[in-house]
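Asks: Numbering (the working numbering), first residue to last: -16 to 177. Heads up, the beta-carbon is just placed ideally off N, CA and C, and yes, glycines get one too. Input: one structure, supplied below.
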């Protein structure tokens, strides 16, 4: 059941190009692109105060390295999104020495609290509500946590789908056919005769 949920979630994210709830901001030097946060002026009703729509930056520290991930909607973010965006940022910045099996933790009331699932992530956002930047500390585990395994599995399926699409596209170009993007929704892209 959880595998199907991950595949459906990742396919939705893939259709949009990237998660609309989170995106990579930057790495290393503490500079962020201009924020797209929408600050509301005046009276805020009880409906809008219950829903936290402000941008939050997750600053993930590991030894001398850090990666920043921008979360645009804390209510819709999943722990898998956080792991995927972290792994994307690490690959994009070519960081050497990042742990193979990272674990996430944050500090609350002078205690380290580990993030292992979506409930822990939502609890962190609730506890640290109002903060624009949250420091996460990366640990190194002997075995990957369940959320990291699911994120890696979703990434491998996305890469496999991309490889299949490229193979069909190359084969179609050799035969002089066009590839329609509409047929990609039904599985592999289909070629039509030109």
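Identify the continuous beta strand (DSSP E) that holds residue 87 and give its terminal residues.
Replies: It spans 85 to 91 - the beta strand (DSSP E) in which residue 87 sits, taken as one unbroken run.
Asks: State the DSSP-derived secondary structure class of residue 94, mapped to helix, strand or coil.
Replies: In the structure shown, residue 94 sits in a strand (DSSP, three-state: E or B).
Asks: What does DSSP give as the partner residue(s) for residue 122 in the beta ladder?
Replies: Answer by DSSP bridge pairing, in chain order: 86.
Asks: For residue 143, which three-state DSSP category applies?
Replies: Helix, per DSSP.
Asks: Please identify the residue among 54, 66 and 102 whose C-alpha is closest to the C-alpha of residue 121.
Replies: Comparing Cα positions, the closest option is 66.
Asks: Once the 5 residues before and after residue 142 are set aside, which same chain residues still bring their CB inside 6 Å of it?
Replies: None.
Asks: Could you tell me the distance, in whole angstroms, from the CA atom of residue 136 to the CA atom of residue 114?
Replies: Going from the Cα of residue 136 to the Cα of residue 114 covers about 32 Å.
Asks: Whole angstroms are fine: how far does the CA of residue 80 sit from the CA of residue 130?
Replies: Cα to Cα, the separation comes out at about 21 Å.
Asks: Roughly how far, in whole angstroms, is the beta-carbon of residue 40 from the beta-carbon of residue 61, given that I think they are within contact range, below 8 Å?
Replies: Incorrect: roughly 17 Å between the Cβ atoms, too far for contact.
Asks: Express the C-alpha separation of residue 37 and residue 110 in angstroms, rounding to a whole number.
Replies: Their backbone Cα atoms lie some 15 Å apart in a straight line.
Asks: Who does residue 117 pair with in a DSSP beta bridge?
Replies: Answer is 41, bridged to residue 117.
Asks: Work out the CA separation of residue 86 and residue 125 for me, nearest whole Å.
Replies: The alpha-carbon atoms of residue 125 and residue 86 are separated by roughly 10 Å.
Asks: Tell me whether residue 58 is buried or exposed, calling it buried when 16 or more other Cβ atoms sit within 10 Å of its Cβ.
Replies: Flag for residue 58 reads exposed.
Asks: Does DSSP put residue 104 in a helix, in a strand, or in coil?
Replies: DSSP places residue 104 in helix when its eight states are reduced to three.
Asks: Relative to the C-alpha of residue 97, which candidate in 70, 139, 118 and 71 has its C-alpha closest?
Replies: The option with the nearest alpha carbon to residue 97 is 118.
Asks: Taking C-beta to C-beta, are residue 50 and residue 73 nearer than 8 Å?
Replies: Taking 8 Å as the Cβ cut-off, residue 50 and residue 73 qualify as a contacting pair.
Asks: Between residue 116 and the rest of its own chain, which residues show a CB-CB distance below 7 Å, the 5 nearest in sequence each way excluded?
Replies: Taken in chain order, the residues that qualify are 40 and 42.
Asks: So which of 84, 107 and 101 has the shortest CA-CA distance to residue 92?
Replies: The shortest Cα separation from residue 92 among 84, 107 and 101 belongs to 107.
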